[in-house]
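One structure is given here, and the rest of the page talks about it.
4 protein chains.
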Amino acid sequence: MELARILRFRPRPAKVVGIDSSRPQKVVALCRKLLSDGGGVAAARLAADILREYQALDKASQLSFFDLLVREFSPDPNDIGAAADTYRNSPSPENLRKLQRVVEPPRQELFRRLNMAPNGTRALVELRRQVLSELAGRPELEPIAADLGHLLASWFNSGFLTLQRIDWRSPAAILEKLIAYEAVHQIQGWQDLRRRLEADRRCYAFFHSALPDEPLIFIEVALTRGISARVQPLLDPNSTVDDPEAADSAIFYSITNCQQGLRGVPFGSLLIKQVVEDLKSNLPRVKIYATLSPIPGFRKWLNKELAAKESFVVDPEIRKAVALLEEPDPLRDDKWPQDLRDRLISACAFYLMHEKRDNEPLDSVARFHLKNGARLERINWMADTSPAGIAQAAGLMANYVYEPDDLQRNHERYSRSGEVVASGRIERAARRLVHGHRERKQS
Amino acid sequence: MELARILRFRPRPAKVVGIDSSRPQKVVALCRKLLSDGGGVAAARLAADILREYQALDKASQLSFFDLLVREFSPDPNDIGAAADTYRNSPSPENLRKLQRVVEPPRQELFRRLNMAPNGTRALVELRRQVLSELAGRPELEPIAADLGHLLASWFNSGFLTLQRIDWRSPAAILEKLIAYEAVHQIQGWQDLRRRLEADRRCYAFFHSALPDEPLIFIEVALTRGISARVQPLLDPNSTVDDPEAADSAIFYSITNCQQGLRGVPFGSLLIKQVVEDLKSNLPRVKIYATLSPIPGFRKWLNKELAAKESFVVDPEIRKAVALLEEPDPLRDDKWPQDLRDRLISACAFYLMHEKRDNEPLDSVARFHLKNGARLERINWMADTSPAGIAQAAGLMANYVYEPDDLQRNHERYSRSGEVVASGRIERAARRLVHGHRERKQS
Amino acid sequence: MELARILRFRPRPAKVVGIDSSRPQKVVALCRKLLSDGGGVAAARLAADILREYQALDKASQLSFFDLLVREFSPDPNDIGAAADTYRNSPSPENLRKLQRVVEPPRQELFRRLNMAPNGTRALVELRRQVLSELAGRPELEPIAADLGHLLASWFNSGFLTLQRIDWRSPAAILEKLIAYEAVHQIQGWQDLRRRLEADRRCYAFFHSALPDEPLIFIEVALTRGISARVQPLLDPNSTVDDPEAADSAIFYSITNCQQGLRGVPFGSLLIKQVVEDLKSNLPRVKIYATLSPIPGFRKWLNKELAAKESFVVDPEIRKAVALLEEPDPLRDDKWPQDLRDRLISACAFYLMHEKRDNEPLDSVARFHLKNGARLERINWMADTSPAGIAQAAGLMANYVYEPDDLQRNHERYSRSGEVVASGRIERAARRLVHGHRERKQS
Amino acid sequence: MELARILRFRPRPAKVVGIDSSRPQKVVALCRKLLSDGGGVAAARLAADILREYQALDKASQLSFFDLLVREFSPDPNDIGAAADTYRNSPSPENLRKLQRVVEPPRQELFRRLNMAPNGTRALVELRRQVLSELAGRPELEPIAADLGHLLASWFNSGFLTLQRIDWRSPAAILEKLIAYEAVHQIQGWQDLRRRLEADRRCYAFFHSALPDEPLIFIEVALTRGISARVQPLLDPNSTVDDPEAADSAIFYSITNCQQGLRGVPFGSLLIKQVVEDLKSNLPRVKIYATLSPIPGFRKWLNKELAAKESFVVDPEIRKAVALLEEPDPLRDDKWPQDLRDRLISACAFYLMHEKRDNEPLDSVARFHLKNGARLERINWMADTSPAGIAQAAGLMANYVYEPDDLQRNHERYSRSGEVVASGRIERAARRLVHGHRERKQS
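Residue numbers (the numbering used here), protein chains in the order written: chain A, 333 to 775; chain B, 333 to 775; chain C, 333 to 775; chain D, 333 to 775.
Pasting the structure below:
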């Protein structure tokens with residue numbers, strides 16, 4: 333009975349102008365066959381055929397195929413209406429089940445069956461990536477992305493992920509993906525990568541059994557004495573390798589989501605937590621777990637404040653600081669007297685602690701770590717002197733500390749009331765900005 | 333917004349008489365906490381706590397917890413009605429998505445989050461097993477079984493299964509499970525198992541990465557010359573080991589589903605198909621893939637016919653045969669002249685080919701293999717002389733042949749029209765019964 | 333030039349009366365061919381042929397083949413004499429090398445080449461086992477055993493061994509060997525084995541890459557509270573499983589050499605040392621490493637003393653004790669007043685500490701542990717109540733303590749002066765025997 | 333008794349002028365301690381200490397340590413003389429064994445015990461590499477190299493090697509060693525390596541369990557249609573990847589011994605043989621196994637002929653050819669008319685087939701493949717256009733064909749009589765040279 337419903341596709345004619353519509357239609361025909369065959373012996377082969385045919389489509393035909401997926405594999409509103417009425421009249425479990433079936437798009441079952449093909453999961457992740465990359469121009473494809481997103485979130489449930497340490501003994505096929513994917517601090521080839529896997533570094537990734545060579549997310553850690561204040565020394569491929577037994581701190585300096593097709597499936601929070609646990613049991617001398625993180629929204633926010641008609645953040649010093657940042661050698665030491673630096677750091681502390689949207693910090697990285705229960709510990713001057721670091725955050729970076737015993741409490745305070753847990757130093761810096769404002773106002 | 337809905341549980345008071353209702357309520361409270369926390373850092377620990385608390389409940393409390401799962405974690409009919417109306421008025425993707433969310437029981441998301449606990453998947457499979465074992469007496473628990481079944485069918489999608497060969501080098505922790513689970517021809521301890529894993533035998537199982545030591549289903553294969561007609565020689569732990577290189581046939585003599593909690597999730601068809609492929613590439617001299625299968629419903633059906641007021645199956649010979657089967661030494665050779673044997677085999681052939689329900693064979697094993705596209709090849713006399721074999725099927729067993737090139741075609745004929753593909757010999761045997769009937773009628 | 337020498341076998345005619353000497357001769361011919369071919373492409377196949385031919389020989393022919401190995405593949409005394417003279421006249425490295433080559437039997441190179449066959453190492457270990465089992469009757473085969481022993485000791489150098497933990501996840505093919513080999517406390521089938529691999533037990537073995545499924549030696553460990561005084565509770569397959577986290581002691585209660593063909597290659601000392609290290613790092617709460625060991629020579633020694641014309645060990649009490657041990661229910665509690673027990677334990681302490689041969693303890697187990705640097709800690713009453721335990725040692729067993737920090741010092745004291753390091757309690761017990769003797773003498 | 337002998341080192345005073353002789357002496361003292369301790373519990377640690385101390389020595393001290401190894405750990409000539417006399421008087425197995433012990437240098441047992449240290453095998457291979465690299469200047473160290481060579485040849489017996497396929501999934505730690513070691517056609521970084529591991533290439537290496545990350549020897553194979561005549565296309569990192577299923581030939585284009593410390597231990601012949609077998613079973617469509625090999629000695633030999641007073645190889649054409657090879661653009665197509673090319677190829681064919689030393693071909697690569705039983709198939713023009721290829725062999729390369737069924741027969745012909753098995757084409761080319769010579773002579 334269910335299959336009958338799945339098969340009764342709505343007969344809206346496909347009118348795609350200007351391209352050969354026969355090939356996408358052929359793929360759709362195969363999809364219908366796959367849905368109609370109750371898991372038959374040839375289902376896996378059929379699924380493989382469909383994916384191969386789909387991959388052979390040109391860009392325009394793929395878009396056309398997406399359109400067909402939306403139009404022909406969506407639930408039927410009349411069926412839904414009828415099932416909803418039946419249920420309303422008689423809210424039995426059986427009628428609920430019927431309604432549940434009717435509201436699920438046939439697409440969903442199609443995707444489940446496509447997964448039977450060899451490398452099916454990989455193909456579905458890629459399919460979602462493609463759909464997501466088209467969404468800006470074609471919002472009508474959103475239901476495909478949503479359906480696949482729902483399915484993949486269930487399949488990539490954190491109970492199915494395995495944490496693996498990555499080192500120089502890992503397969504090259506995986507290592508080259510780190511080079512390709514690293515988004516925060518680009519890896520400059522194999523020598524750079526090798527340095528990041530030496531004895532005083534750690535690298536961990538989550539994997540799923542269906543994508544054995546594909547890291548889903550990975551994190552890079554430096555074992556140091558004290559909390560690192562600057563990222564360039566950590567990234568230097570020629571730096572000397574320190575004794576990991578002498579380290580008291582583990583600095584998370586990069587975390588990268590690898591699979592765009594899994595956007596929205598959360599991995600990062602669990603990854604950090606499991607890595608902290610692994611480090612705890614393997615490196616008992618390490619006592620501090622902290623990040624060295626970018627502050628991606630700081631200058632953008634600052635520029636907005638500068639452009640605003642009125643802003644209590646802006647004063648002559650801030651204007652001077654921002655002007656300096658646009659000079660050719662923006663961070664030259666002698667340009668920045670201590671109070672100018674402090675002024676900028678105060679603004680940044682204020683930005684991280686108090687600039688919010690929907691009760692959460694405006695800064696995306698702050699949002700992530702604070703929600704995880706970390707504490708905003710320190711803002712560092714000249715921490716990232718790369719052009720990107722200066723453009724984003726005036727060279728500033730933040731340390732967030734993961735104190736295992738405080739994580740749950742901090743997380744709850746954040747979740748309940750949006751409270752940003754920060755060190756006294758940060759709180760004072762943010763307060764100075766407010767006081768400065770008040771003083772200027774009073775004077 | 334979604335969470336708000338999930339959390340607004342219906343306030344029906346729990347009235348469980350006669351047992352201490354506080355402990356199940358405590359587990360439910362933890363479940364609500366797990367659902368309310370947006371995947372927080374402590375979610376995995378909370379999930380583990382819930383599962384531990386649940387497992388510590390006594391039987392009565394577990395049932396009480398199931399009741400609460402049904403009553404308090406089901407969708408709200410009013411929400412559903414409202415969302416259905418909204419969608420009817422404006423059938424936009426967004427409104428559809430809202431309806432989809434509303435019809436999904438909060439239970440479902442609860443189960444997904446419980447999966448984050450270590451061994452969570454195993455616990456959920458076990459939970460479903462328990463619910464299924466209660467269903468006969470408590471049909472109201474069916475929604476839990478259905479929700480978990482839906483989830484597990486998605487998680488145990490055949491794309492996530494791995495076929496593994498099992499032999500004497502496999503971990504004892506896995507082998508002891510074969511001994512425990514084997515349902516068709518019981519394994520009598522380690523020596524018996526060892527014989528079933530010798531050079532002239534093969535054993536394969538499906539595994540899922542979340543249950544690494546748990547076979548989901550396994551199949552036992554004997555490599556023989558010719559299609560085996562009798563199962564006892566295959567099961568004899570003291571039989572001599574044959575040279576696998578000399579075999580031309582692979583006889584599937586046992587297939588066992590291991591996880592009751594995964595009942596309804598289909599594994600068998602795919603398993604046989606993958607095993608045939610593996611044998612093909614590793615043992616090129618083997619040309620025939622066939623089963624030696626029980627006929628579980630034959631005597632039950634025969635007894636029904638005997639009891640019926642009228643049956644064209646029943647005649648004096650059949651009555652005599654059935655009477656013989658109830659004597660102390662039922663299969664003693666001299667009791668069974670050839671035509672009496674043929675008579676019984678004809679009845680069995682008719683039973684397998686023509687006795688149907690909903691256009692499918694009445695016999696469950698026949699249904700499985702014929703749907704897979706196998707051909708009913710032969711019915712064997714004195715094939716299973718164990719008490720169970722005589723009680724079920726008068727000692728008869730059937731061979732179903734898996735001819736790789738015919739599977740899809742046979743499967744389609746079966747699916748379209750319920751056609752049973754059988755060898756000429758079987759067809760003739762079945763026809764003899766009908767002719768005999770006609771002759772008797774005419775005479 | 334070297335090969336020429338190897339090939340010039342001495343022409344003593346083979347006169348083996350009464351058996352068909354042609355087949356061993358054929359194997360020898362193949363052996364010559366293998367030696368003459370400078371590692372040619374077919375060497376591995378030729379080696380495999382030889383081993384197969386050899387294994388197909390009947391017992392008498394194998395012995396005949398051994399004779400040929402001794403007679404025809406030994407060094408030539410004339411060659412040796414000549415090379416020795418040359419070297420004496422001119423002791424250059426080159427002349428030494430020539431002498432070294434001449435004194436090495438061609439057999440040795442033959443064995444090295446046989447190792448090229450698949451499973452060659454296994455076959456050579458088995459060959460040596462067979463030769464060793466014949467030595468009593470045929471001492472002339474000793475050179476084969478010695479040559480193979482030299483080679484295998486080099487190949488099974490401890491640098492090539494890997495320590496593996498064995499548990500219920502280990503391959504059944506390995507576990508069944510534990511059942512077969514266990515020599516100290518026999519394993520009664522799979523249920524008994526399973527108990528010995530539970531959470532409160534540990535089992536470790538050494539493996540060599542050339543014999544992947546063959547444990548070379550294994551040790552069984554119980555995790556307990558306090559040093560175990562009795563072995564039967566440890567062996568009880570129905571005992572409850574204790575929490576390994578609560579244990580403070582690791583009791584080594586059985587250590588078994590598996591490969592008779594490797595007799596004389598020492599594994600035990602290193603095994604214990606590595607196991608102690610592994611336990612230290614994985615179970616930090618365990619502080620005591622001790623054995624519960626048999627005393628295999630105690631009663632044999634005691635009987636000798638009883639039979640001697642004069643012995644200061646023997647007195648009426650000892651006679652009474654020995655008489656009791658020969659009664660039907662020898663260890664019945666009420667038969668043994670405390671002072672009689674103490675008397676027997678004193679005799680045993682004296683035996684272990686002071687009865688020596690070549691400056692080492694007479695007792696083979698004591699010799700092993702004391703040489704390793706362990707301390708003789710305690711002698712336990714009713715420690716092994718099995719018939720064998722009573723027959724060997726009146727039911728007594730000893731604890732030897734492995735104190736990691738003392739091992740080297742104890743070992744050196746033992747090696748230098750044969751000193752037995754023992755606890756104060758043992759020393760006092762041994763002293764009581766001597767005093768008792770003096771007192772009796774004086775009275 | 334044996335140990336006593338081992339320890340009685342000859343008392344020649346060490347007079348090493350100009351360096352601090354105390355540190356090597358300290359290492360020697362530790363070595364003596366290791367030898368004197370009968371495999372005591374601390375032996376592994378002591379061995380590790382010795383290796384660490386040794387590695388910390390500067391170059392001069394290491395040489396001094398080598399000297400001490402020669403002088404103080406060699407056999408005693410007097411002991412040898414005495415044992416030889418005893419044996420001559422009474423040639424019993426026991427006296428032979430004593431003589432065998434006496435002629436073995438104590439060094440040998442020292443090396444065996446050093447192997448007990450973690451990574452001991454690696455350290456010993458490295459030690460031999462260092463000694464070998466000093467031999468030219470210090471021939472007196474040869475006994476160390478010989479002793480270690482004997483030991484390592486026994487330990488790296490081909491029965492202990494495992495063949496592993498290397499591909500892009502192999503650990504980077506292994507892959508980087510291929511880049512470092514490749515000696516025939518250098519690997520230009522990771523992209524070059526990646527191309528050599530694509531679907532139409534194969535790479536295999538031998539490993540030993542004691543050096544898990546160290547390939548001992550590796551071979552690179554290209555899957556092609558037809559026997560490759562030119563190496564540059566095979567090496568091009570940007571070439572398109574062919575379908576391996578379409579290939580009929582496997583071309584071995586590079587084979588590299590990795591461990592200088594294992595010089596003289598033969599791996600190559602067995603490697604090729606096992607690789608051919610693996611390819612046969614995995615790629616049944618491949619029918620031809622052949623090399624594309626350098627001819628390292630060709631031009632050196634040609635130059636010698638040119639310089640000789642008389643040579644029947646040399647004629648005006650050869651002189652012209654050699655002159656051309658020294659011009660700036662030596663292989664420019666229009667410079668080489670067909671008969672000039674043929675002339676050079678004829679000379680090369682003659683060189684490979686008939687120029688011998690001790691009845692084996694002068695060319696080292698020819699020697700290796702012909703001894704393995706391969707057939708010299710073809711000499712290719714412009715096969716290696718790299719500067720090295722032109723300098724060594726005028727750009728010529730040879731194909732040797734490995735015909736599995738002929739290997740043993742060819743090998744035997746070669747071994748017996750030095751016969752070079754070659755194709756008719758090669759034989760004709762070589763004959764042309766001889767005929768040309770005769771004609772010139774006659775004219």
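Each residue gets a CB set at the ideal place from its N, CA and C atoms; glycine is no exception.
Quick one: which chain C residues come within Cβ less than 9 Å of residue i?
i, result
"PRO736 of chain B", "Those within 9 Å of PRO736 of chain B in chain C number zero; the least Cβ separation is about 32 Å."
Do residue j and residue i have their beta-carbon atoms positioned less than 8 Å apart in this structure?
i, j, result
"ARG501 of chain C", "PRO569 of chain B", "no"
"PHE492 of chain B", "SER541 of chain A", "yes"
"ALA706 of chain D", "TYR734 of chain D", "yes"
"ALA579 of chain C", "THR556 of chain C", "yes"
"ILE449 of chain D", "ALA388 of chain D", "The amino acid occupying residue 449 of chain D in the given sequence is Ala; Ile does not appear at that position. Contact: no."
"SER601 of chain A", "VAL697 of chain A", "no"
Could you tell me the alpha carbon to alpha carbon distance between residue i and residue j, rounded to whole angstroms?
i, j, result
"GLY629 of chain B", "ILE549 of chain B", "22 Å"
"GLY750 of chain A", "CYS680 of chain A", "18 Å"
"LEU446 of chain A", "THR494 of chain D", "40 Å"
"ALA725 of chain A", "LEU638 of chain A", "15 Å"
"LEU594 of chain C", "VAL457 of chain C", "6 Å"
"GLN432 of chain C", "GLN394 of chain C", "30 Å"
"ALA346 of chain A", "GLU436 of chain A", "Confidence in ALA346 of chain A is poor, its pLDDT being 39 and thus under 50, which makes the residue's placement unreliable; the coordinate value appears in the next sentence. Distance between the alpha carbons of ALA346 of chain A and GLU436 of chain A: 22 Å."
Residues of chain B with CB under 9 Å from residue i, in chain order?
i, result
"ILE412 of chain A", "ALA416, TYR419, ARG420, PRO423, LEU428, LEU431"
So, is the C-beta of residue i closer than 8 Å to a C-beta in chain G?
i, result
"PRO503 of chain D", "Included in the structure are the protein chains A, B, C and D, with no chain G among them."
Within 10 angstroms of its Cβ, does residue i collect 16 or more other Cβ (buried), or is it exposed?
i, result
"GLN520 of chain A", "exposed"
"ALA730 of chain A", "buried"
"ASP695 of chain A", "buried"
"GLU441 of chain B", "buried"
"LYS391 of chain D", "exposed"
"HIS767 of chain A", "exposed"
So with CB distances below 8 Å, who are the chain B contacts of residue i?
i, result
"GLY452 of chain A", "GLY491"
Given 8 Å, three or more beta-carbon pairs between the stretch 700-718 of chain A and the stretch 673-689 of chain A: yes
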